[in-house]
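>
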Amino acid sequence: MSGDRPSPLVIERILRDRQGIWQQIVAERDLNALTGRMLVSSAVALACYGAVLGAFHSALMALTSAVKLPLLFLVTLVICLPTLYLFNLVFGARLSVRQSVALVMVAITVTSMLAVAFAPISLFFLITAPDYGFFKLLNVAILTLSAVVGLRFLTGGMQVLNEHGLLAPATAGQAASAGTPAAQAVPAQAVPTSVEAAQPAPAVAEPVPAGAAVSGAAVAANGTPAADGSAPATTQPAPAQPAPVAQPAFVGQPALVPAGYPAGMVPPGYPQRPWGTPPTRRGEPGQRPASMTLLYIWILLFGFVGTQLAWTLRPFFGDPGQGFALFRSIDGNFYAEILRTIGNL
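Counted the way our numbering counts, the sequence shown spans residues 973 to 1317.
1) On the three-pair Cβ rule with 8 Å, is the region 1298–1305 touching the region 1069–1088?
2) Whose C-alpha, out of A1065, T1100 and R1286, is nearest the C-alpha of M1033?
3) Looking at the structure shown, is E1000 part of a helix, part of a strand, or coil, going by DSSP?
4) Is it the case that the Cβ atoms of T1313 and L1109 are separated by a distance below 8 Å?
5) Under 8 Å by Cβ, that's how I've got Q996 and L1006 pegged, so tell me the actual separation to the nearest angstrom.
6) Grouping DSSP H, G and I as helix and E and B as strand, with all else coil, what is N1305?
7) Where does G1315 land, buried or exposed, given buried means 16+ other C-beta within 10 angstroms?
8) Drop a sphere of 10 angstroms on the beta-carbon of L1061, count the other beta-carbons inside from all chains shown, and report buried for 16 or more, exposed for fewer.
9) Quick one: does L1117 have its CB under 8 Å from some CB of chain D?
10) Determine the direct distance from the alpha carbon of N1004 to that of A1288, and round the result to whole angstroms.
11) Quick check: what's the CA-CA separation for L1298 versus E1135?
12) Where does S1118 fall in DSSP's three states?
13) What span of residues does the alpha helix (DSSP H) with S1072 cover, start to end?
14) Below 7 Å CB to CB, which residues in the same chain sit around C1020 once its five sequence neighbours on both sides are set aside?
15) Quick one: give me the first and last residue of the alpha helix (DSSP H) that S1030 is part of.
16) Does the distance from the C-beta atom of F1344 to that of L1018 stay below 8 Å?
17) Rounded to the nearest angstrom, what separates L1317 and D1002 at their Cα positions?
18) Contact defined as beta carbons within less than 8 Å: I believe V1132 pairs with W1270. What is the distance between those atoms, to the nearest angstrom?
19) Quick check: the Cα distance between V1264 and A1119, rounded to an integer number of angstroms?
20) Alpha carbon to alpha carbon, how far is L1075 from F1274? Give it in angstroms, no decimals.
21) Where does T1036 land, buried or exposed, given buried means 16+ other C-beta within 10 angstroms?
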């Protein structure tokens, strides 16, 4: 499916043409329209699933949960998105705000659509096994599984952006290529060619004594000694330079290095890597940038903020032993409540 071809369901395009989605985010093409469609789809899906959650208590609780659940995800995004964007800026990534929002919205869209796909299962257990503790744990597990799958899409998108160099700072070579013609990027004298390296060094002419010249002239072609008994003068050819040997191509150094140089040393005149820069072989993936490491930290932060906000906006299910309430008093925490529920089961 083409990235420019409209689809009736944005989740279908995300699942079928995820590479097209990543390329669209990389190129920043129609991101406003794409983000708007994902926002609407996520809100509708989360509202439907929230209605199923609140239906355990009453119709009024179902209505409030249909509003609270989309609000939970969107407010969590608003709280955590500046941290993700600033993390990328601090470590040299070149992501724009629109690209960051689009990436996170892909994860939220996948999470919401997967959650609403589980809605019939949740509704089935609501009708056949109306136990409050079990229903609560079942839906927490569904939302957790959906969020894990959605965040996997986020990490996959960030890896694609890393392959396009958007998570690493611009290098000097990239800056030079942006404003310098390719013919002027490297001086011609900086890298010796293989033909020049294979040519032998010219022999240096040394002064020869007059007597030695006479003796040399008296030597016969077969190398017999001269009449005066002097030894025949033999001509020693100049030693040829070793032929260039193909070495693994490293970034910042030419592919041909004369044989005889110790490992790790570069002959004079060859461009060298900056001090402390590890040799990176062409064609091999580089090291993971700091932005990818911080992404996993941000995912943990996103989860903690989301669970605390869910505890603040509760109830979503509604305890059948209590009356309707728009909010509960903030006491305890989400994790203690889950452990208490498991203990009661």
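We put the CB at the ideal spot given by N, CA and C, even for glycine.
Looking at the coordinates:
1) Contact fails: fewer than three Cβ-Cβ distances are below 8 Å.
2) Reading the sequence shown from its first residue, position 61 is the one you call residue 1033. If we check each option's Cα against that of M1033, R1286 comes out closest.
3) Numbered from its first residue, the sequence shown carries residue 1000 at position 28. E1000 falls in the coil class under three-state DSSP.
4) Here residue 1313 refers to the residue found at position 341 of the sequence shown. Here residue 1109 refers to the residue found at position 137 of the sequence shown. Yes, the Cβ-Cβ distance between T1313 and L1109 is below 8 Å.
5) If you number the sequence shown from 1, residue 996 lands on position 24. If you number the sequence shown from 1, residue 1006 lands on position 34. Correct: roughly 7 Å between the Cβ atoms.
6) The sequence position of residue 1305 within the sequence shown is 333, counting from 1. Note: N1305 maps to coil in three-state DSSP.
7) The sequence position of residue 1315 within the sequence shown is 343, counting from 1. Exposed: under 16 other Cβ atoms inside 10 Å.
8) Along the sequence shown, read from residue 1 onward, the residue named residue 1061 stands at position 89. Result: exposed.
9) Considering every chain present, this structure includes no chain D. It has just one protein chain.
10) One-based indexing of the sequence shown puts residue 1288 at position 316. One-based indexing of the sequence shown puts residue 1004 at position 32. Going by the sequence as given, residue 1288 is Phe instead of Ala. Roughly 31 Å separates the two Cα atoms.
11) Walking along the sequence shown from the start, residue 1298 turns up at place 326. Walking along the sequence shown from the start, residue 1135 turns up at place 163. Going by the C-alpha atoms only, they are around 47 Å apart.
12) Counting from 1 along the sequence shown, the entry for residue 1118 is found at position 146. Correct three-state label for S1118: helix.
13) Within the sequence shown, numbered from 1, the residue matching residue 1072 stands at position 100. Taken as a continuous stretch (DSSP letters only), the alpha helix (DSSP H) holding S1072 covers V1069 to A1089.
14) Walking along the sequence shown from the start, residue 1020 turns up at place 48. If we look at C1020 and ignore the five residues flanking it on each side, its Cβ neighbours are V1088 and A1091.
15) The residue given as residue 1030 occupies position 58 in the sequence shown. No alpha helix (DSSP H) holds S1030; DSSP gives it neither H nor E.
16) In the structure displayed, the chain extends from 973 to 1317; residue 1344 sits before or after that span and is not available.
17) Position 345 of the sequence shown, counting from 1, holds the residue named residue 1317. Position 30 of the sequence shown, counting from 1, holds the residue named residue 1002. For L1317 and D1002, the distance between alpha carbons rounds to 50 Å.
18) In the sequence shown, residue 1132 corresponds to position 160, counting from 1. In the sequence shown, residue 1270 corresponds to position 298, counting from 1. No, V1132 and W1270 are not in contact; Cβ-Cβ is about 17 Å, not under 8 Å.
19) Within the sequence shown, numbered from 1, the residue matching residue 1264 stands at position 292. Within the sequence shown, numbered from 1, the residue matching residue 1119 stands at position 147. The displayed chain sequence assigns Met, not Val, to residue 1264. Straight-line Cα distance between these residues: approximately 19 Å.
20) For this step, residue 1274 is matched to residue 302 along the sequence shown. For this step, residue 1075 is matched to residue 103 along the sequence shown. Taking the straight line joining both Cα atoms gives about 14 Å.
21) Here residue 1036 is taken as the residue at index 64 of the sequence shown, counted from 1. T1036 is buried by the Cβ-count criterion.
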